[in-house]
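**Student:**
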Amino acid sequence: MREIKLAATLKHLIEDGEYSGNRRLVSSDLGITPAALTQYLKGQTKPSVDKLVTMADLFGVSVDYLLFGEDNVAASSGTLDYGPLARYMEAGLASARADGAVQSAFVAKIGAILADQVAAAAQAAARRPATFTGMLDHYQALELERYSLESSIAAMDLDENVVDVEGDIEQGVAAGRFLTVVAENLSRKRSYHFILAPDMRDRDSRVRQFRALLRQHQLTQADVDRCKFSVAADTFYVGFCIFKLDVTALRKHSPVLHQYVEPFIGGDDRIGFTEPASSSHYGVSLMDASHRRLAALTLERLNPANRKKGIRE
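Here the UniProt record's numbering is used: the first residue of the sequence shown is 1, the next is one more, and so on.
(1) Let's test the definition: count the other Cβ atoms within 10 Å of the Cβ of ALA277 and tell me whether it reaches 16, buried, or not, exposed.
(2) Can you list the beta strand (DSSP E) stretches of 3 or more residues lying completely in the region 218–261, in chain order?
(3) What are the boundary residues of the alpha helix (DSSP H) that SER290 is part of?
(4) Helix, strand or coil for TYR65, going by three-state DSSP, please let me know.
(5) Over what stretch of residues does the alpha helix (DSSP H) that includes ARG188 continue unbroken?
(6) State the Cα-Cα distance for the pair LEU286 and ARG301, rounded to the nearest angstrom.
(7) To the nearest angstrom, how far is it from the Cα of ASN185 to the Cα of LYS228?
(8) Going by CA-CA distance only, name the one from LYS109, ARG146 and LEU66 that's closest to ALA249.
(9) Using the three-state DSSP reduction, which class does SER48 fall into: helix, strand or coil?
(10) I believe GLU150 touches SER191 by the beta-carbon criterion, under 8 angstroms. Please report the beta-carbon distance rounded to the nearest angstrom.
(11) Tell me whether THR38 sits in a helix, a strand or coil according to DSSP, three-state version.
(12) Give the single residue among GLU160, GLN117, SER254 and TYR139 whose Cα lies nearest to the Cα of LEU213.
(13) First and last residue of the alpha helix (DSSP H) that includes ARG270?
(14) Can you find the residues in the same chain that come closer than 8 angstroms, C-beta to C-beta, to GLY60, ignoring five residues on each side of it along the sequence?
(15) What is the residue span of the alpha helix (DSSP H) that ALA8 lies within?
(16) Relative to the alpha-carbon of residue 314, which residue among LEU10, VAL26 and ARG23 has its alpha-carbon at the smallest distance?
(17) When DSSP labels each residue in this structure, what does SER20 get in the three-state scheme?
(18) With C-beta atoms as the reference, is ALA295 less than 8 angstroms away from GLY266?
(19) In terms of residues, what are the limits of the alpha helix (DSSP H) holding ASP204?
(20) By a C-beta neighbour count over all protein chains shown, 10 Å radius and 16 as the cutoff for buried, is SER76 buried or exposed?
(21) Alpha carbon to alpha carbon, what distance is there between GLY31 and ALA120?
(22) Just verifying my parser: in three-state terms, what is the DSSP assignment at residue 316?
(23) If we call anything under 8 angstroms between Cβ atoms a contact, is VAL284 one with MET135?
(24) DSSP three-state label for GLY43, please.
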């Protein structure tokens, strides 16, 4: 097979022909950009067959001459032999097939990776205990709280937010995973109101520890102040909470959870469940509209705002 000399021949025709080296004019007459012409001249890309014919017509030469620098004329008939052009097309098709094979392999690799990830996710889900319809496990409750704009929580204690650390080397408290979400929400200018059980042990010191741990998350004082604590005006026996959700963000970023909890979200974008996300129980029960209304009334009754019974700093 003869050597393809397209780049050299094209350069010769431009430099020594009637264009006198005016590449910009050549690219304009060919209907291509100067950058594309430069790539042809450097042999970095190959023109299509249609473009080859256009070039040959422009310079008044045969395609054979453009490709090989000479015309291949059959001795017996004097007609042009188009075999080289056919071979050029075959080379282009072979290149396209090779590119297709590479692309297919790439897609197959992506498919294998996704299949492994789906399998891993299925195994992780299988290891988590199942919940009944209308219930959330703590992983789901934690995820739901990330989309809460306003959180009102009647809490029996703060033990899941403030974790005691007791050991031979270190003693004190550390932030639980729920406090970390509280800090993230406060940093986004969202609000919390914890209404604490009147008989909660070490209530004042626990709240001081809670606030100190919040400050360790680089929150401003204004952020910390949006997390309010009150002592309930009456005794209650089970914790519960009501979240006002950013439903748009929940639907966009956690569509599976949104689909699951959507029937329990009210028209005011509020959702409620018994036992706050930081309870010691495994699961929480979502409230229907009737129970959510009763829970809101109960929060109002427990709120001691008019009695001035707050928490000491």
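Even glycine gets a Cβ: it sits at the ideal position worked out from N, Cα and C.
**Tutor:** So, to answer that:
(1) Counting from 1 along the sequence shown, the entry for residue 277 is found at position 277. Bear in mind that a pLDDT of 45 at ALA277, under 50, signals an unreliable position, so the number given afterwards is only what the model happens to contain. Buried: at least 16 other Cβ atoms inside 10 Å.
(2) Taking only runs of at least 3 residues, the beta strand (DSSP E) segments lying wholly in the region 218–261 are 227–231 and 240–245.
(3) Taking the sequence shown and counting its residues from 1, the one referred to as residue 290 is at position 290. Looking at the DSSP string, the run of the alpha helix (DSSP H) that includes SER290 is 289–302.
(4) Along the sequence shown, read from residue 1 onward, the residue named residue 65 stands at position 65. The answer is helix: DSSP assigns TYR65 an H, G or I state.
(5) Here residue 188 refers to the residue found at position 188 when the sequence shown is read from its first residue. Here ARG188 belongs to no alpha helix (DSSP H), and DSSP marks it neither H nor E.
(6) One-based indexing of the sequence shown puts residue 286 at position 286. One-based indexing of the sequence shown puts residue 301 at position 301. For LEU286 and ARG301, the gap between their C-alpha atoms comes out near 21 angstroms.
(7) Walking along the sequence shown from the start, residue 185 turns up at place 185. Walking along the sequence shown from the start, residue 228 turns up at place 228. Approximately 14 angstroms, taken between the alpha carbons.
(8) Walking along the sequence shown from the start, residue 249 turns up at place 249. Of the listed residues, the one whose Cα sits closest to ALA249 is ARG146.
(9) Sequence index remark: in the sequence shown, residue 48 carries index 48 (1-based). It is coil, neither helix nor strand.
(10) Stepping through the sequence shown from its first residue, residue 150 is reached at position 150. Stepping through the sequence shown from its first residue, residue 191 is reached at position 191. Contact annotation, GLU150 with SER191: C-beta distance approximately 5 angstroms; criterion of less than 8 angstroms satisfied.
(11) Residue numbering aside, residue 38 sits at position 38 when the sequence shown is read from its first letter. THR38: helix per DSSP, three-state reduction.
(12) Here residue 213 is taken as the residue at index 213 of the sequence shown, counted from 1. Just measuring C-alpha positions, the residue of GLU160, GLN117, SER254 and TYR139 sitting nearest LEU213 is GLU160.
(13) Residue 270 sits at position 270 when you count from the first residue of the sequence shown. For ARG270, there is no enclosing alpha helix (DSSP H); the residue is found in the beta strand (DSSP E) stretching over 270–274.
(14) Here the question's residue 60 lines up with position 60 in the sequence shown. Within the same chain, GLY60 has no close Cβ partners at all.
(15) The residue labelled residue 8 in the question sits at position 8 within the sequence shown. From DSSP, the alpha helix (DSSP H) with ALA8 extends over 6–16.
(16) The chain is shown from 1 up to 313; residue 314 falls before or after that span and cannot be answered.
(17) Position 20 of the sequence shown, counted from the start, is the residue given in the question as residue 20. Residue state, collapsed to three classes: coil.
(18) The count along the sequence shown starts at 1 and reaches residue 295 at position 295. The count along the sequence shown starts at 1 and reaches residue 266 at position 266. It is not a contact, given that the beta carbons lie outside the stated cut-off.
(19) Locating residue 204 in the sequence shown gives position 204, counting from the first residue. From DSSP, the alpha helix (DSSP H) with ASP204 extends over 203–215.
(20) Here residue 76 corresponds to residue number 76 of the sequence shown, with the count starting at 1. Annotation note: pLDDT 48 at SER76 (below 50); position unreliable, coordinate value reported separately. SER76 is exposed by the Cβ-count criterion.
(21) For the purposes of this step, residue 120 is identified with residue 120 of the sequence shown, where counting begins at 1. For the purposes of this step, residue 31 is identified with residue 31 of the sequence shown, where counting begins at 1. Approximately 53 angstroms, taken between the alpha carbons.
(22) Since the first and last residues shown for the chain are 1 and 313, residue 316 lies out of range.
(23) Taking the first residue of the sequence shown as position 1, residue 284 is located at position 284. Taking the first residue of the sequence shown as position 1, residue 135 is located at position 135. Cβ atoms of VAL284 and MET135: closer than 8 angstroms.
(24) Translated into positions along the sequence shown, residue 43 becomes position 43. Here GLY43 carries a coil assignment [DSSP, helix/strand/coil].
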